[in-house]
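Enquirer: Take the sequence shown: its letter number 223 is residue 222 in numbering that gives the first Met the number 0, and every next letter is one higher.
The structure follows.
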Amino acid sequence: MTGVVGALVEAWDELRLHKMRVLLALIGVAAAVMAITAVTAAVQMLTQAYTETTERQMGRQITLAIDAYPMSEQAGPATQLDAAYELALQRYDITWATRDWYTQVPFRFPDGTRPTDVRAVDPDLGTMQRVDVVQGRWFTDADTDAFAPLLVVNDVFLEQLGFTGLDPRPTVLLGDETPVRATIVGVTPRAWPDEGPSAMVLYDQLARWYTPDAAGGWGQPVPTLKVWVPPDAAADLSVRLERDVAAALPGWEVHSYDNRNGGLGMMDGAARWVAFGVGGFALLLGGLGLVNIALVTVRHRIREIGIRRSFGATSSRIFFGVLMESVVATAVAGLVGVVLAVAVIKNIPIDVVFGSGLQDRPPFPVSAALVGMACATGVGALAGVIPATVAVRVKVIDAIRY
């Protein structure tokens, strides 16, 4: 260990003496390591942003969807569907599940009553599809037994009611002939610039409080059952849920499907390879510059090396000493690059770059820092081999000539 520590100290002293010669080359190495590390971390954040966007639209991986359709006159009423869903969930002990049904319900706005897009769901949907509530809150299990329906609306709905926030505790009449007053408890951002008003309500509350006329409206609700299951059990559960729900509903046709997304891993891998390719090329350029500077430095140190050989320094000691100069230099440059990459990634304005904040912001990947340090050290070792080989060939007599 004494020899290794001595070589490291000697290499550091030599770098301090020749710092101006290696500074430019090390700047290139530090910049390359920062690029590799920062892009690797940014790709992970981009992957997370893409994942969350996909999950807001299709549910978390893996979400199974069960659809049922009455196909004959012998098909039972739609009210049996909820019982079939509940029985299947209890049988397989599924924790996260929601009914999901789109319809239109009349609401009384200041300019009159008009049908509005409504999504009837269960409380678990907020977690399963990462519902972004910017004001107020999402539904809870206790809201199912509330004495009046509760709504989570988009900001367009709230604006058309004449409100800008939830402080006045806004309410709205739901229904046409026998309306009921619903309370708005949460607000979601608009999904696109021209989006119209929309609302979400608990499925059981809508069935309890809204009674449409015979001409249409609520009619026969046939919701989709969505369940969030482990990926390794998704295929088996899909078959079992489809079979059990169909068995409980004679005359109904039942289909199941999932939201697997195989393209995400390909995008992640391709982006990482692009990052490594660009950063590796920059490291190669920095390493070539360091080789040239190290060769010039060795030429100027022939007298010193010859004198050290005359005092008994072995070839391996000379080789290792010169090699460690490049390794230590690039290791320090790599550490600087990693620190700069961390500072850049931690200060990225996520809302500006990705369009929305991340609910689960990934930590800075340690693997990216380790890869950056490994690349920097490897380039330093490669860049030091040629100067170290030239230094080993220096003979004692060369000290007299120089």
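All C-beta atoms, glycine included, are put in the ideal place defined by N, C-alpha and C.
Please list the terminal residues of the continuous beta strand (DSSP E) segment that includes Ile-65.
Expert: Looking up residue 65 in the sequence shown gives position 66. Looking at the DSSP string, the run of the beta strand (DSSP E) that includes Ile-65 is 62-69.
Enquirer: With a threshold of 16 other CB atoms inside 10 Å of the CB of Asp-92, please say whether the residue is buried or exposed.
Expert: In the sequence shown, counting from the first residue as 1, residue 92 sits at position 93. Exposed.
Enquirer: Kindly list the residues whose CB is nearer than 6 Å to the CB of Tyr-101, restricted to its own chain and excluding five residues on each side of it in sequence; keep chain order.
Expert: As a position in the sequence shown, residue 101 is number 102, starting the count at 1. Excluding residues within five positions, the ones whose Cβ falls inside 6 Å are Arg-118.
Enquirer: With a threshold of 6 Å on Cβ separation, who are the neighbours of Glu-176 within its own chain once the five nearest residues in sequence on each side are excluded?
Expert: Reading the sequence shown from its first residue, position 177 is the one you call residue 176. There are no such residues.
Enquirer: When you compare only the Cα positions, how much space is there between Asp-121 and Gly-250?
Expert: Counting from 1 along the sequence shown, the entry for residue 121 is found at position 122. Counting from 1 along the sequence shown, the entry for residue 250 is found at position 251. Going by the C-alpha atoms only, they are around 26 Å apart.
Enquirer: Please list, in chain order, all residues of the same chain as Asp-203 whose beta carbon is under 6 Å from its beta carbon, the five residues on each side excluded.
Expert: Here residue 203 is taken as the residue at index 204 of the sequence shown, counted from 1. Excluding positions up to five away in sequence, the list reads Thr-143.
Enquirer: Would the beta-carbon of Val-186 fall within 9 Å of that of Gly-125?
Expert: By 1-based counting over the sequence shown, the position of residue 186 is 187. By 1-based counting over the sequence shown, the position of residue 125 is 126. No, the Cβ-Cβ distance between Val-186 and Gly-125 is not below 9 Å.
Enquirer: Confirm, please, whether the CB-CB distance from Val-32 to Gly-336 is below 9 Å.
Expert: Stepping through the sequence shown from its first residue, residue 336 is reached at position 337. Stepping through the sequence shown from its first residue, residue 32 is reached at position 33. Taking 9 Å as the Cβ cut-off, Gly-336 and Val-32 qualify as a contacting pair.
Enquirer: Which one of Pro-348, Val-244 and Pro-229 has the shortest CA to CA distance from Gly-402?
Expert: Missing from the structure shown is residue 402; the chain here goes from 0 to 401 and no further.
Enquirer: Using C-beta distances below 6 Å, list every residue in its chain close to Pro-196, excluding the 5 sequence neighbours before and after it, in chain order.
Expert: One-based indexing of the sequence shown puts residue 196 at position 197. Same-chain partners within the cutoff: Thr-115, Val-155, Phe-156 and Gln-159.
Enquirer: Between Ser-237 and the rest of its own chain, which residues show a CB-CB distance below 7 Å, the 5 nearest in sequence each way excluded?
Expert: Stepping through the sequence shown from its first residue, residue 237 is reached at position 238. Cβ within range, chain order: Leu-63, Ser-255 and Asp-257.
Enquirer: Among Ala-330, Leu-173, Thr-50 and Ala-332, which one has its Cα closest to the Cα of Met-403?
Expert: Nothing in the structure corresponds to residue 403, since the chain is present only between 0 and 401.
Enquirer: Assign Thr-388 to buried or exposed, taking buried as 16 or more other Cβ atoms, counted over all protein chains shown, within 10 Å of its Cβ.
Expert: Translated into the one-based positions of the sequence shown, residue 388 becomes position 389. Exposed, because fewer than 16 other Cβ atoms sit within 10 Å of the Cβ of Thr-388.
Enquirer: So, under 8 Å CB-CB, Thr-163 and Ile-183 are touching, yes? Tell me the CB distance rounded to an integer number of Å.
Expert: The count along the sequence shown starts at 1 and reaches residue 163 at position 164. The count along the sequence shown starts at 1 and reaches residue 183 at position 184. Not confirmed; about 12 Å, so no contact.
Enquirer: Measuring only the C-alpha atoms, how far is Ala-213 from Glu-241?
Expert: Here residue 213 refers to the residue found at position 214 of the sequence shown. Here residue 241 refers to the residue found at position 242 of the sequence shown. Note that Ala-213 scores 39 on pLDDT, short of 50, meaning its location in the model is unreliable and no value can be drawn from it.
Enquirer: What do you get for Ala-82, buried or exposed, if any count of 16 or more other CB atoms within 10 angstroms of its CB means buried?
Expert: By 1-based counting over the sequence shown, the position of residue 82 is 83. Answer is exposed; the Cβ neighbour count stays below 16.
Enquirer: Taking DSSP's pairing of strands, which residues face Asp-99 in a bridge?
Expert: Within the sequence shown, the letter at position 100 stands for residue 99. Residue pairing for Asp-99: DSSP places it in a beta bridge opposite Thr-223.
Enquirer: Note down, in chain order, each residue of its chain lying with its Cβ closer than 7 Å to the Cβ of Met-70, except the 5 sequence neighbours on either side.
Expert: Locating residue 70 in the sequence shown gives position 71, counting from the first residue. Within the same chain, Met-70 has close Cβ partners Gly-250, Trp-251 and Glu-252.
Enquirer: Which class does Asp-235 belong to by DSSP, given the choice of helix, strand or coil?
Expert: Residue numbering aside, residue 235 sits at position 236 when the sequence shown is read from its first letter. Reduced to three states, the DSSP call for Asp-235 is helix.
Enquirer: Going by CA-CA distance only, name the one from Leu-173, Arg-129 and Phe-146 that's closest to Pro-188.
Expert: Taking the first residue of the sequence shown as position 1, residue 188 is located at position 189. Comparing Cα positions, the closest option is Arg-129.
Enquirer: Use the C-beta contact count for Arg-98: other C-beta atoms within 10 angstroms, 16 or more gives buried, fewer gives exposed.
Expert: Numbered from 1 along the sequence shown, position 99 holds the residue referred to as residue 98. With 16 or more other Cβ atoms within 10 Å, it is buried.
Enquirer: What does the Cβ neighbour count give for Trp-208, buried or exposed, with the cut at 16 atoms within 10 Å?
Expert: For this step, residue 208 is matched to residue 209 along the sequence shown. Buried.
Enquirer: Quick check: what's the CA-CA separation for Ala-245 versus Gln-79?
Expert: For the purposes of this step, residue 245 is identified with residue 246 of the sequence shown, where counting begins at 1. For the purposes of this step, residue 79 is identified with residue 80 of the sequence shown, where counting begins at 1. Cα to Cα, Ala-245 sits roughly 11 Å from Gln-79.
Enquirer: Do the CB positions of Gly-371 and Ala-342 come within less than 9 Å of each other?
Expert: Against the sequence shown, residue 371 aligns to sequence position 372. Against the sequence shown, residue 342 aligns to sequence position 343. The answer is no: Cβ separation not under 9 Å.
Enquirer: Would you kindly work out how many angstroms separate the C-alpha atoms of Val-38 and Glu-72, rounded to a whole number?
Expert: The residue given as residue 38 occupies position 39 in the sequence shown. The residue given as residue 72 occupies position 73 in the sequence shown. Going from the Cα of Val-38 to the Cα of Glu-72 covers about 60 Å.
Enquirer: Using C-beta distances below 6 Å, list every residue in its chain close to Gly-218, excluding the 5 sequence neighbours before and after it, in chain order.
Expert: Taking the first residue of the sequence shown as position 1, residue 218 is located at position 219. Bear in mind that the predicted position of Gly-218 carries a pLDDT of just 44, short of 50, making it unreliable; the figure below should be weighed with that in mind. Counting only Cβ-Cβ distances below 6 Å, and skipping sequence neighbours, we find nothing.
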